[in-house]
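As you go down the protein sequences, you meet chains A and B in turn.
Quick note: our numbering has the first sequence finishing at residue 240, numbered continuously throughout.
Quick note: our numbering has the second sequence finishing at residue 477, numbered continuously throughout.
Using N, Cα and C, we set each Cβ at its ideal position, and we do this for glycine too.
Bear in mind the structure is a predicted one, so any value in this text is a computation, not a measurement.
These notes concern the structure reproduced below.
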Amino acid sequence: MLAGAPDAVLVFGEFPFESQYVTSIIQVSLYVSLAAVALSTLVSIPTALLVGFTDFPGKRLVTAVINTGMGFPSVVVGLLVLFAVSNQGPLGEFGLVFTKEAMIMSQIVLATPPITGISLAAVTGVDDSVRDAARALGGTRLDVALVVVKEARYGIATAILAGFGRAISEVGSVLIVGGNIAGADGVSKTRTLTTAIQLEARQGSYDTAMVLGALLLVLVLTVNAVVVRLGDGGTLR
Amino acid sequence: MAIQRRRFLAALGGGATAALAGCTAFGQDESGPEVAGETLTLTTTTSTYDTGLLDELNAPFQDMYGVTVDAVAQGTGQALETARAGDSDVVMVHARSLEDEFMQEGYGVNRRDLMFNDFVIVGPEGDPAGIEGTESATEAFATIADAGETFVSRGDNSGTHTKELAIWEAAGVEPGGDWYQETGQGMGEVLNIANQQGGYTLSDRGTYLSQRAESDLVILVQGPIEGGPELLANPYGIMAVNPAVHDNVNYDLAMAYIGYITSPEGQRRIEEYTANGEQLFFPEALSEDPDFQQYVPEGWSADDEG
């Protein structure tokens with residue numbers, strides 16, 4: 004006990020968790036969200052380029068679907084993924100219920116629409132002359148795409164951050180498909196910062212929940228800072 | 172606070188995890204069944220989880236067999252539903268009527284009485300409805316309803332909610348209206364809400380006691396542990412998911428778990444577990460005489476077939 008110490012010191016002096024518990028929760032949060040965002044990005048950016056630069060019947064419909072997806076209720080996604088991965092569901096044989104993989108699946112569904120939608124806005128915002136120039140210089144379709152992505156990198160970084168923000172702050176769906184499991188030895192299996200906060204609040208341990216909440220904020224800010232930094236890296240330094 | 176158990180368990184588990192890491196890889200547990208390295212999925216009610224009892228029971232079991240227990244805390248209704256879908260191997264709940272239904276439908280096997288605690292009616296210290304000293308749970312409920320004082324209900328098909336509805340029914344009151352609030356949340360959250368709103372609620376004693384430090388609610392009607400009415404008894408049962416219905420379930424490990432938790436050691440751990448200096452659960456599996464009723468759903472007879 005740090006008797007007489009200022010409150011701020013007291014909070015950290017009596018850090019209310021075993022570090023193993025907290026680090027494993029942070030690891031699960033980051034692993035699930037980053038894996039989902041990475042996979043979503045692989046799908047989203049090509050989709051955004053394709054939709055942005057080709058004309059096809061139903062293009063407006065596709066755009067509308069993407070934009071609608073941004074607001075898709077996460078607990079519904081969780082429920083649908085649960086039905087899919089449950090032992091009774093079409094993916095039942097893979098035993099995915101209450102695993103990180105199931106959580107990643109639901110996060111992908113949640114993160115893909117915002118990443119696609121915002122990337123789409125970013126790439127369509129790139130001046131046509133950039134594409135024309137790239138093409139005129141004899142660039143292949145891939146070269147043109149890379150030039151466009153480079154031009155739109157700030158918008159794309161924003162898109163990825165929006166997707167990450169949606170994934171890491173998600174409670175409902177990860178609770179349904181993940182089960183909020185931590186071992187008796189204090190190691191998280193499918194417990195994330197958000198579901199841990201929910202658990203602590205349920206137990207009335209609001210101060211503990213607050214500490215976890217602060218950690219979550221720090222985590223989000225750190226990831227954002229890293230992404231912004233990477234976005235700058237190409238030209239500004 | 173809930174935190175101390177983590178600290179304790181991490182100290183306990185730290186060495187064990189290291190030992191386990193070697194153990195599971197080679198399956199060295201010579202005496203035990205061939206379950207080392209496997210994972211048991213247990214669905215259970217929030218009360219066993221939030222009180223910290225589950226961690227207390229699971230850590231030694233995991234060490235003993237070199238296995239992992241994935242405990243998913245849900246309400247009794249949801250826990251049974253997860254088991255029905257074959258998404259868990261063993262289910263530990265507290266609503267005999269729902270357990271019997273689960274058994275009768277063939278989803279569960281080998282039900283064992285595990286432990287009990289009781290329900291208490293809690294409310295604000297001022298007791299605006301004036302139920303303190305009431306000997307009967309139904310009378311207390313009727314008084315709260317008459318007074319129109321806030322009552323916070325779980326409303327989530329949990330074991331506690333099932334019990335609450337049974338008491339309303341016995342009291343001849345159809346709960347509803349402004350004073351009756353269904354939250355659809357866990358016991359801890361409901362206690363928080365009742366505390367914030369100065370309302371009454373029905374709580375299992377364990378969750379109430381483990382959370383008492385953060386709350387101004389007081390016990391106004393005691394359960395049978397403190398001499399209150401038998402209607403407020405809260406028995407817990409444990410069942411394996413029937414491997415004949417879901418061949419993916421880990422039946423061997425489920426039975427090992429049921430065996431452990433109903434063994435003298437498991438029962439001793441239940442008995443010795445305290446929160447805020449008070450015993451939360453009372454072991455019930457060890458008995459002088461065989462209680463066959465625990466395996467048989469109520470009203471089970473040849474007529475019920477098909």
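query	result
Minimum C-alpha distance to K103/A - residue among F167/A, Y34/A, S22/A	Y34/A
Alpha carbon of L45/A to alpha carbon of I159/A, nearest angstrom	12 Å
Listed by chain order, chain B residues near Q206/A by CB distance under 7 Å	A173, D221, G359, Q382
L99/A in three-state terms, based on DSSP	coil
Meets three-Cβ-pair contact criterion under 8 Å: the region 68–80 of chain A and the region 161–178 of chain A	yes
Proximal residues to A105/A (C-beta, below 7 Å), its chain only, five neighbours per side dropped	V84, V88, L99, V180, G181
Three-way DSSP call (helix, strand, coil) for Q464/B in this model	helix
Within 8 Å, strictly: CB atoms of S374/B and N447/B	no
Interface flag, D226/B vs chain A, CB-CB below 8 Å	yes
Alpha carbon of A148/A to alpha carbon of L52/A, nearest angstrom	7 Å
Contained alpha helix (DSSP H) runs [length at least 4] in the region 101–145 of chain A, N- to C-terminal order	103–127, 131–139
Extent of the continuous beta strand (DSSP E) to which A242/B belongs	239–244
The region 80–94 of chain A: positions lying closer than 8 Å to chain B by Cβ	S89, N90, Q91
Interface residues of chain D facing G158/A [CB-CB closer than 8 Å]	Here the protein chains are A and B, and chain D is not one of them.
Length of the line joining the Cα atoms of K62/A and G55/A	9 Å
Short Cβ contact (8 Å threshold) for I396/B with R376/B	yes
Best match in S191/A, T225/A, R205/A for proximity to Q30/A [C-alpha to C-alpha]	S191/A
Reduced DSSP secondary structure (H/G/I, E/B, other) of E345/B	coil
Short CB-CB distance (under 8 Å) between N419/B and chain A	yes
Coarse secondary structure for E449/B, derived from DSSP in three states	strand
Per DSSP, cross-strand counterpart(s) of A404/B	D289/B
C-beta neighbour in chain B for V100/A, strict 8 Å	yes
Partner residues on chain A for E385/B, Cβ-Cβ distance less than 8 Å	G207, S208, Y209
According to DSSP, residues forming a beta bridge with I409/B	M263/B, R283/B
8 Å CB neighbourhood of F287/B in its chain, flanking five on each side removed	A404, N405, P406, Y407, F452, F453, E455
Beta carbon proximity, I184/A to chain B, threshold 8 Å	yes
Distance between L388/B and P468/B (C-alpha atoms, nearest Å)	36 Å
Host beta strand (DSSP E) of F167/A (start-end)	Careful: F167/A lies outside any beta strand (DSSP E), inside the alpha helix (DSSP H) at 156–171.
Residues of the region 249–271 of chain B whose Cβ lies closer than 8 Å to any Cβ of chain A, in chain order	A256, G257, D258
P454/B in three-state terms, based on DSSP	strand
Nearest residue (CA-CA) to P93/A, options G398/B, L285/B, D221/B, A256/B	A256/B
Neighbour flag for L362/B against chain A, beta carbons, 8 Å	yes
Other residues of its chain near A212/A: CB distance less than 6 Å, five sequence neighbours each side excluded	I200, E203, A204
CB contact below 8 Å: D130/A versus chain B	no
Closer than 8 Å to chain A by CB, D375/B	no
Y495/B classed as buried or exposed, judged by whether at least 16 other C-beta atoms fall within 10 angstroms	There is simply no residue 495/B to check, as chain B begins at 172 and stops at 477 in what is shown.
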